[in-house]
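Colleague:
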Amino acid sequence: MIDESRIEGLSVIAVASTGIAATFLRYGRTAHIAFSLLLKGLRANSVAGVDASSDKAKMLRDVEVIIWNEISMQTRYAVE
């Protein structure tokens, strides 16, 4: 799915809830790294630690497809 989306010209990010799962995704990384999420203590009022003017923020704004393996292992606050 990652390769097919890129062939279609879409900007894709592949993440997983765990480091082990991320290794099975092409160009995969953990959701915590990709979105700069807290590892512990994530709550409804938590915000991602991405500076709005950073290259990472621009990349995240430009992403068209997010593939998130093991999303059900995340708290709802990570997804929201």
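Under full-length UniProt numbering, the first residue of the sequence shown is numbered 1, with each subsequent residue one higher.
Here a beta-carbon is modelled for each residue, glycine too, at the ideal position from N, C-alpha and C.
Kindly indicate the opening and closing residues of the alpha helix (DSSP H) around ILE20.
Modeller: Taken as a continuous stretch (DSSP letters only), the alpha helix (DSSP H) holding ILE20 covers 19-22.
Colleague: Identify whether ARG43 lies in helix, strand or coil by the three-state DSSP scheme.
Modeller: Looking at ARG43 - three-state DSSP - the assignment turns out to be coil, as it is neither helix nor strand.
Colleague: Please check the pair LYS56 and VAL50, which I expect to be a contact at CB under 8 Å, by giving their CB distance rounded to whole angstroms.
Modeller: Correct: roughly 5 Å between the Cβ atoms.
Colleague: Quick one: grab the DSSP three-state call for VAL79.
Modeller: If DSSP states are grouped into helix, strand and coil, VAL79 belongs with the helices.
Colleague: Under three-state DSSP, which class holds ARG6?
Modeller: Correct three-state label for ARG6: helix.
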